[in-house]
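Sequential numbering of the sequence shown, starting at 5, is according to the working numbering.
Structure first, commentary second.
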Amino acid sequence: MDIGVLTVPLGGQSLDEALAYLSDLGVDAVELGCGGFPGDDHLDRQAYLDEEEKQAELQALLDEHDLYVSALATHNNPLHPDDERAAEADRELRAAIRLADQLDVNTVTGFSGLPAGGPDDEVPNWITAPWPTEHADAHEYQWRVADEYWSDLAAHAGAHDVDVAIEMHPNMLVYEPRGLLELRRRTNDRIGANFDPSHLYWQGIDVTEAIRLLGDHDAIHHVHAKDTKVYESNAREKGVLDTAPYTDEADRSWLFRSIGYGHDESHWKDVVSTLRMVGYDGALSIEHEDSLTSAREGLEKAVDVLDRAVFETRPGDAYWAE
5 MDIGVLTVPL GGQSLDEALA YLSDLGVDAV ELGCGGFPGD DHLDRQAYLD
55 EEEKQAELQA LLDEHDLYVS ALATHNNPLH PDDERAAEAD RELRAAIRLA
105 DQLDVNTVTG FSGLPAGGPD DEVPNWITAP WPTEHADAHE YQWRVADEYW
155 SDLAAHAGAH DVDVAIEMHP NMLVYEPRGL LELRRRTNDR IGANFDPSHL
205 YWQGIDVTEA IRLLGDHDAI HHVHAKDTKV YESNAREKGV LDTAPYTDEA
255 DRSWLFRSIG YGHDESHWKD VVSTLRMVGY DGALSIEHED SLTSAREGLE
305 KAVDVLDRAV FETRPGDAYW AE
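Encoded structure:
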């Protein structure tokens, strides 16, 4: 299992500078944003798509720093009721899949997207309860929209031999493991999880149980290493569906935290062990979004914890069980 980093927080640096810094930290892999919310500071997909010379330059730079690309990231909303926004997100995602194929990267990370609550609505609608009954009807409509789009997108991914790893995220149709499995059931095995535990923690989902559930279906394509701390004094007063700004830290029920600041090292060792149990042996891509520290300090502390948690060798023979 490798330690990786989503390089978005280092977007103010050149790719060469970012790779050199991460390599010096002992990082093994990078996840590169190429559109959508992650941006494209380190991988302008239009500059690299179908450009063999540029792609060769990228590979040479990665080789120089002894790194590889675990995934390309383009998180956006291809199900948006605004046709122009949905079309832009779709173009980004399809191009990212094509580029991943050309770069021999087997995974693209993103979101499921979120439709409106009906064909005449203008904004996405996150349905969290089945009553009043128009909400249940809206949820059924959303799944019909998702089914049509993602069935076609999954076929596109299959044609390019690339997995699409969806992060389970609030304000998206797929925000928890059973929803992820439902989308996978409706499409094909190219659709799976970018297993990011950060939003599962505050929803009260047991992360290791979620790993086992998805692992039973071979549905974990990629993993984000990202922690969350629930602040019970606030949560007891207003619950965990919190609309306070992320920078209003003292008033929030939960915050994204650097690895080890939401859950201790023993928990992360349990996460790593459970991932190994279900057969995942890819990258743990650190996504830094801790507003209480800088990107560099957050990344360095995360690498420090994960370096002690990950296994560097494959399991040996269980001689004691013979």
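The beta carbon of each residue, even a glycine, is placed where N, CA and C say it ideally should be.
{"Query": "Please go through the region 53-95 and give each complete alpha helix (DSSP H) segment of 4 or more residues, from N-terminal end onward.", "Result": "56-68"}
{"Query": "CB TYR153 to CB LEU83, shorter than 8 Å?", "Result": "yes"}
{"Query": "Could you tell me whether the region 231-239 touches the region 249-261, where touching means 3 or more Cβ pairs closer than 8 Å?", "Result": "yes"}
{"Query": "Only counting runs of 3 or more residues, tell me where the beta strand (DSSP E) segments fall wholly within the region 181-211, in order along the chain.", "Result": "195-199"}
{"Query": "GLY162 to ALA299, Cα distance in whole Å?", "Result": "35 Å"}
{"Query": "From VAL276 to VAL109, what does the alpha carbon distance come to, in whole angstroms?", "Result": "23 Å"}
{"Query": "So, is PRO134 buried or exposed, given that buried needs 16 or more other C-beta atoms within 10 angstroms?", "Result": "exposed"}
{"Query": "Sort out for me which residues DSSP pairs GLY40 with in a bridge.", "Result": "HIS79"}
{"Query": "What is the DSSP secondary structure of ILE170, reduced to helix, strand or coil?", "Result": "strand"}
{"Query": "With a threshold of 6 Å on Cβ separation, who are the neighbours of PRO13 within its own chain once the five nearest residues in sequence on each side are excluded?", "Result": "HIS292, ALA299"}
{"Query": "Could you tell me whether the Cβ atoms of LEU2 and THR11 are closer together than 8 Å?", "Result": "Absent from the structure is residue 2, since the part of the chain shown begins at 5 and ends at 326."}
{"Query": "With distances taken between CB atoms, is the gap from GLY121 to GLY40 smaller than 8 Å?", "Result": "no"}
{"Query": "Just grab the DSSP bridge partners of ALA260 for me.", "Result": "Per the sequence shown, residue 260 should be read as Phe rather than Ala. Per DSSP, THR232."}
{"Query": "Based on Cα-Cα distance, which residue from ASN80, GLU61, ILE290, ALA100 lies nearest to ASN175?", "Result": "ASN80"}
{"Query": "Over what stretch of residues does the beta strand (DSSP E) that includes ASP6 continue unbroken?", "Result": "6-10"}
{"Query": "Going by CA-CA distance only, name the one from GLY8, ARG194, ARG49, ARG182 that's closest to LEU71.", "Result": "GLY8"}
{"Query": "Can you tell me where the alpha helix (DSSP H) holding GLY114 begins and where it ends?", "Result": "Per DSSP, GLY114 belongs to no alpha helix (DSSP H); it is in the beta strand (DSSP E), 111-114."}
{"Query": "The beta strand (DSSP E) spanning LEU288 covers which residue range?", "Result": "287-290"}
{"Query": "Is the CB-CB distance between GLY286 and ASP294 below 8 Å?", "Result": "no"}
{"Query": "How would you label VAL34, buried or exposed, when you count the other beta carbons within 10 angstroms and need 16 or more for buried?", "Result": "buried"}
{"Query": "Bridge partners of ALA33, per DSSP?", "Result": "GLY8, TYR72"}
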